[in-house]
Amino acid sequence: MPQSPLLNTPEAVSTAANATPERTLPVDPVLLQLGKVVAGERSIFVTYEGNTYIFANTGTRDQFNREPARFAAQQGGACGRMGPLGGLGDARRYALQEGMLYFFASDECMKLFRAQPRRYMEPADQIPAGTPEQQAAGLAALDRWIAWAGGKDAVKAAKVFTQVSTRRVLQGADSWDITETLEFAGPHTMRRVDVWQKVGGTPKDNYQYETLVTPDTAVITSSNGRTTALVDSRRTAFERLMNRQPYAIMRAHYRPEAGLLALKTGEGTLGDARCDYIVTWFEGNATYLAIDKETGRLVQIGHPGRVDDASVASLTMDAVAYAGPEALRLPTQWVVSRNAEKDGIKGPVASIKVGPPAAP
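Sequential numbering of the sequence shown, starting at 0, is according to numbering that gives the first Met the number 0.
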């Protein structure tokens, strides 16, 4: 059996031999980029990021090996509509968009994506650029916010963060209470747990999803016992989502390796607050903040994100409640607006705890 000289370990060979149809792209991915739909030969294959790619000949296989990220499915084969943190797509449902290969979890997902691909494609954050004066003003605003929230020493001491919130949603005829728990225990140690409880249901109706990232692992586990490893691109997407939390931005300010930038982009009035507008950047994540010029209160944040129908929107979040000083006066409730909508939706009130690591 011809094998890829670069990407096929003995474990990968075994995986490919037992690859299920939903994890095997049935056509040559290199020729697909040229607009040619040609069935691959199962004897000529590459296993990459958990998916198996088969090729019409060894030449296209070798071309794939030279640039796997160019030809392989985006985000490890996650569903193109649902995004990198949704479920995996089926390799038999595939589409090219702007030279990028996507898999889809269902025919409906593929139909919706192909009708409006930009609606579901989350753009990469761009590193901001500014003058030295903008940098100085941005850092001054950041320091003013941290002083209002509890101070530098309190932020440095808050090495562990937990936020819990519950919201009710309607799906079809059923109502569900979703409890979301976010945890930080280090720069690259994060956890999110979503527990779905059916209103009026039994424990058998409930289910749970957990995403866990540590320096050594990254997995999604569901209550049915299934665990899926996150490839690097999906791990990056999860870390970017978590690092938009105000707590993470504060902590990054005192982690030199994070390379935090803070640039003032303007100023304006939000409600009764005269604000500095700044953009922060670290580890590939750009978030926009509005900070009260007088008090240092965090008034608003903004960033792209996915909404209930899995589409990508520009989110604006106005803080309307805050924790006490024991939790760094972090926001506990937001009014969220999509794509500059005039009226936002008030979210649930969260509970927040911060502190030093627990004793072993």
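The beta carbon of each residue, even a glycine, is placed where N, CA and C say it ideally should be.
Taking a C-beta distance under 8 angstroms as the contact criterion, I43 and T57 qualify as a contact pair. When only Cα atoms are considered, R69 and D231 end up about 15 angstroms apart.
Shown here, E238 sits in a helix according to DSSP, grouped into three states. Counting of Cβ neighbours within 10 angstroms places L100 among the buried residues, the total reaching 16 or more. Nearest to I290 by alpha-carbon distance, out of L329, R254, E325, is L329. Per DSSP, reduced to three states, the secondary structure at S232 is helical.
Its chain contains M99, Y101 as the residues whose beta carbon lies nearer than 6 angstroms to that of Q73, once the 5 sequence neighbours on both sides are disregarded; these appear in chain order. P186 is the residue among K203, W195, P186, V353 whose C-alpha sits nearest the C-alpha of L211.
Going by beta carbons, R233 and G75 fall inside the 8 angstroms limit. Per the C-alpha coordinates, the member of I344, P25, V306 positioned closest to A55 is P25. Within the stretch 152-214, the complete beta strand (DSSP E) runs of at least 3 residues fall at 159-170, 173-185, 188-197, 206-212. Proximity of the stretch 294-309 to the stretch 258-276 meets the contact definition, three or more beta-carbon pairs being nearer than 8 angstroms.
Distance from the Cα of V311 is smallest, within the candidate group Y206, L84, A71, for L84. Ranked by Cα distance from N205, the first of T227, G267, T178 is T178.
Judged by pairs of C-beta atoms under 8 angstroms, the stretch 126-136 does not touch the stretch 100-115, as fewer than three such pairs exist. Shown here for M316: same chain residues with a beta carbon closer than 6 angstroms to its own, the five before and five after excluded, namely I300, W333, V335 in chain order.
Rounded to the nearest angstrom, the gap between the Cα atoms of Y321 and A139 is 22 angstroms.
The beta carbons of I219 and T213 sit no closer together than 8 angstroms.
Between S174 and R167 the beta-carbon gap is near 6 angstroms, inside 8 angstroms, which marks them as a contact.
Straight through space, the alpha carbons of M81 and P116 are spaced by roughly 12 angstroms. The closest CA to that of W147, considering only E325, T294, K345, is found on T294. In this model, Y119 and M189 are separated by some 25 angstroms (Cα to Cα). Shown here for L260: same chain residues with a beta carbon closer than 6 angstroms to its own, the five before and five after excluded, namely W280 in chain order.
Boundaries of the alpha helix (DSSP H) around M249: 245-251. Shown here for A153: same chain residues with a beta carbon closer than 7 angstroms to its own, the five before and five after excluded, namely L327 in chain order.
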